[in-house]
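Using UniProt numbering, the letters of the sequence shown correspond one by one to residues 1 to 354. Glycine is no exception: its CB is placed at the ideal position from the N, C-alpha and C atoms.
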Amino acid sequence: MLLVTSADEYLGFCVTSHLSQFESLRNHLRILYHKTKDEPNSTLVANFSRKGIDVRPVDYMHPNDLSKAFHKVDQMILTVGSHPDRVKHCRHLCRVAIRSGIRSIIFLSHIGAHSKNHESLNDYGLIEDYLVEQQQICEEQDMDRGRSFNWTILRLDWIQQYFHLWACQIESRKSIGLPLAHDTKICPVDISDVCHVVASLVTNQEGSLLSDVHDVHASQSYTLTGPEAITSKELIDMISHATRFKQIKYQMMRPMDTVFYLKSLSHNIWYDERIKKEKSRIYFDSLDNGHMYRLNAFTVPNDVHVQRFLDYFDWVSKTSGSFPVEDTRLLLTHKEPSSIQDFFLENANSFKPR
């Protein structure tokens, strides 16, 4: 059994959607979403349940919820949610998983994970360190009783599909604003490439679920990026080429202006209409076309999401740490990494100014 955490949030939802296209895997998938008093059932994961996937609402700190969730689970795909206690939740998930006999944990981390100056990125580093420490403890305790669990860390760059959040800005203002200098480069990775890599780690060539990650990937960290790094000028050129609208401009925005824009999406009637249509499409999705998730803006980003975006942009600006890495190409099977130009061509209608 394969368990995916935080399936009601962007990464967990996309990974689950991607794996769900393989009908033979659905009965071997278990997904978790955060149980709350206000929303006992999540509409975002309801369709997964109808398609035969085991969907579990859990309190991530409740031992009984988690002990049941890890029954017969061999592998876990750990994604970080947006809850204020997300680090504590992830540590507790790992602790219960290890105690339950998990064989491998694949952690979707973030580049800049060990930046002490960026708290939202450093959260990922804290979880990475915890995994490494727990494996060492297990190996010391179980030296005479067999091997411990394995971990694989995937550090993700900025995800191309996050640009869906800026479509309204381009539509209405004929410009896009980011807190990045004109010469700062970023190397966005396509969400489907991320999901392809995850699938390649947990399934064999026939598409059947593995009981353990392959030894070559055990205790390894990989960085997933796009095939090219781009500046703001190149970004504008790509949007203009895709939309055939040549007057799109770039504005370097202050972080506080970026926060204001992203939070204002909750009051934007065009964006609200888009999210309603997406939720309807998600609810009735056949899951046979496992790539529909890449078209979604998904939700209005909350404070945790927004701060992570700001920390990423600041980290990139100060370190030039976003550049192409071959890990994505090496881990993808029978597929080349998708470029940011591919993303804008695919979604050209969403980015055309009104």
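- Within 9 Å, strictly: CB atoms of R10 and F298: Locating residue 10 in the sequence shown gives position 10, where the first residue counts as 1. Locating residue 298 in the sequence shown gives position 298, where the first residue counts as 1. Note that residue 10 corresponds to Tyr in the displayed sequence, not to Arg. Going by C-beta atoms, Y10 is nearer than 9 Å to F298.
- Beta carbon of I230, beta carbon of I186: below 9 Å? Here residue 230 corresponds to residue number 230 of the sequence shown, with the count starting at 1. Here residue 186 corresponds to residue number 186 of the sequence shown, with the count starting at 1. At a Cβ-Cβ threshold of 9 Å, I230 and I186 count as neighbours.
- Query: Do T5 and the ligand FMN come close, with the Cβ less than 8 Å from some heavy atom?
  - Reply: Questions concerning the ligand FMN fall outside what the structure shown contains, since it holds no ligand whatsoever.
- Message: Rounding to the nearest angstrom, what Cα-Cα distance links P40 and V73 in this structure?
- Response: For this step, residue 40 is matched to residue 40 along the sequence shown. For this step, residue 73 is matched to residue 73 along the sequence shown. For P40, the predicted structure reports a pLDDT of 46, less than 50, and the residue's modelled location is therefore unreliable. A value from the coordinates is still provided. If you draw a straight line from the Cα of P40 to the Cα of V73, it comes to about 24 Å.
- Buried or exposed: which applies to Y271, given that a residue is buried once 16 or more other Cβ atoms fall within 10 Å of its Cβ? Here the question's residue 271 lines up with position 271 in the sequence shown. Per the 10 Å Cβ criterion, buried.
- Buried or exposed (CB count within 10 angstroms, at least 16 for buried), H334: Here the question's residue 334 lines up with position 334 in the sequence shown. It is exposed - the Cβ of H334 has fewer than 16 other Cβ atoms within 10 Å.
- Item | H267 - DSSP class collapsed to helix/strand/coil | The residue labelled residue 267 in the question sits at position 267 within the sequence shown. Looking at H267 - three-state DSSP - the assignment turns out to be helix.
- Task: Answer yes or no: do H18 and D59 have a C-beta to C-beta separation smaller than 9 Å?
- Result: Translated into the one-based positions of the sequence shown, residue 18 becomes position 18. Translated into the one-based positions of the sequence shown, residue 59 becomes position 59. Not a contact, by the Cβ cut-off of 9 Å.
- Hey, D327 and T258: beta-carbon distance below 9 Å or not? Translated into positions along the sequence shown, residue 327 becomes position 327. Translated into positions along the sequence shown, residue 258 becomes position 258. No. Outside cutoff.
- Beta carbon of L44 nearer than 9 Å to that of H28: The sequence position of residue 44 within the sequence shown is 44, counting from 1. The sequence position of residue 28 within the sequence shown is 28, counting from 1. No, the pair does not count as a contact, with Cβ atoms beyond the cut-off.
- Any contact of the region 168 to 180 with the region 193 to 201, i.e. 3+ C-beta pairs under 8 Å? Below 8 Å, too few C-beta pairs join the region 168 to 180 and the region 193 to 201 to call them touching: fewer than three.
- Since L201 and I106 are thought to touch, with beta carbons under 8 Å apart, how far apart are those beta carbons, to the nearest angstrom? Counted from its first residue, the sequence shown places residue 201 at position 201. Counted from its first residue, the sequence shown places residue 106 at position 106. Contact holds; Cβ gap of about 6 Å.
- Message: Buried or exposed for F48, going by 16 or more other Cβ atoms inside 10 Å?
- Response: As a working note, residue 48 is residue 48 in the sequence shown. Buried.
- Query: How about S104 and V80: are their beta carbons less than 9 Å apart?
  - Reply: Your numbering for residue 104 matches position 104 in the sequence shown. Your numbering for residue 80 matches position 80 in the sequence shown. No; because the gap between Cβ atoms is not below 9 Å, this pair is not in contact.
- Task: Report buried or exposed for V216, applying the criterion of at least 16 other Cβ atoms within 10 angstroms of its Cβ.
- Result: Taking the first residue of the sequence shown as 1, we reach residue 216 at position 216. V216 is exposed by the Cβ-count criterion.
- Query: When we look at the beta-carbon of G101 and count the other beta-carbons within 10 Å, is it buried (16 or more) or exposed?
  - Reply: Working through the sequence shown from its first residue, we reach residue 101 at position 101. Exposed, because fewer than 16 other Cβ atoms sit within 10 Å of the Cβ of G101.
- Query: To the nearest angstrom, how far is it from the Cα of I236 to the Cα of I248?
  - Reply: Here residue 236 refers to the residue found at position 236 of the sequence shown. Here residue 248 refers to the residue found at position 248 of the sequence shown. Using only the alpha carbons, I get a separation of about 7 Å.
- Task: May I ask you to report which of helix, strand or coil DSSP gives residue 359?
- Result: The structure shown does not extend to residue 359, since the chain spans only 1 to 354, so no value can be given for it.
- Residues in its own chain within less than 8 Å of L131 by CB, not counting five upstream and five downstream? Locating residue 131 in the sequence shown gives position 131, where the first residue counts as 1. Counting only residues of its own chain and dropping the five nearest sequence neighbours on each side, L131 has a CB closer than 8 Å to the CB of C94, I105, F107, W151 and I153.
- Message: So, with DSSP's three-state summary, where would you put Y250?
- Response: In the sequence shown, the residue the question calls residue 250 occupies position 250. Of the three classes helix, strand and coil, the one that applies to Y250 here is strand, per DSSP.
- Message: Between which residues of its own chain and G125 is the CB-CB distance below 6 Å, once the five residues before and five after are set aside?
- Response: Numbered from its first residue, the sequence shown carries residue 125 at position 125. Non-local C-beta neighbours of G125 in its own chain, meaning closer than 6 Å and more than five positions away in sequence, comprise A113 and H114, ordered along the chain.
- Message: If you reduce the DSSP assignment to three classes, tell me which class T231 lands in.
- Response: In the sequence shown, the residue the question calls residue 231 occupies position 231. Here T231 sits in coil by DSSP.
- Message: Would H182 and M238 be called neighbours here (beta carbons separated by less than 9 Å)?
- Response: Within the sequence shown, residue 182 is the residue found at index 182, counting from 1. Within the sequence shown, residue 238 is the residue found at index 238, counting from 1. No; because the gap between Cβ atoms is not below 9 Å, this pair is not in contact.
- Query: Which residues does DSSP pair with I159 in a beta bridge?
  - Reply: Start at 1 with the first residue of the sequence shown, and residue 159 comes out as number 159. Per DSSP, V189.
- Task: If I'm right that P255 touches L310 with Cβ under 8 Å, what's the distance once you round it to whole angstroms?
- Result: Residue mapping note: residue 255 aligns to position 255 of the sequence shown, counting from 1. Residue mapping note: residue 310 aligns to position 310 of the sequence shown, counting from 1. With a contact defined as Cβ atoms closer than 8 Å, P255 and L310 qualify at about 5 Å.
- Nearest neighbour of S264, chosen from V300, F70 and I275 [CA to CA]: The residue labelled residue 264 in the question sits at position 264 within the sequence shown. Answer by Cα proximity: V300.
- Please classify T5: is it buried, with 16 or more other beta-carbons within 10 angstroms of its beta-carbon, or exposed? By one-based count along the sequence shown, residue 5 stands at place 5. T5 is buried by the Cβ-count criterion.
- Identify the continuous alpha helix (DSSP H) that holds Q21 and give its terminal residues. Here residue 21 corresponds to residue number 21 of the sequence shown, with the count starting at 1. No alpha helix (DSSP H) holds Q21; DSSP gives it neither H nor E.
- Message: Contact defined as beta carbons within less than 8 Å: I believe P324 pairs with T225. What is the distance between those atoms, to the nearest angstrom?
- Response: Translated into the one-based positions of the sequence shown, residue 324 becomes position 324. Translated into the one-based positions of the sequence shown, residue 225 becomes position 225. Their Cβ separation, rounded to whole angstroms, is 5 Å, which keeps P324 and T225 in contact under 8 Å.
- Query: Are the beta-carbon atoms of E119 and D288 separated by less than 9 Å?
  - Reply: If you number the sequence shown from 1, residue 119 lands on position 119. If you number the sequence shown from 1, residue 288 lands on position 288. No; because the gap between Cβ atoms is not below 9 Å, this pair is not in contact.
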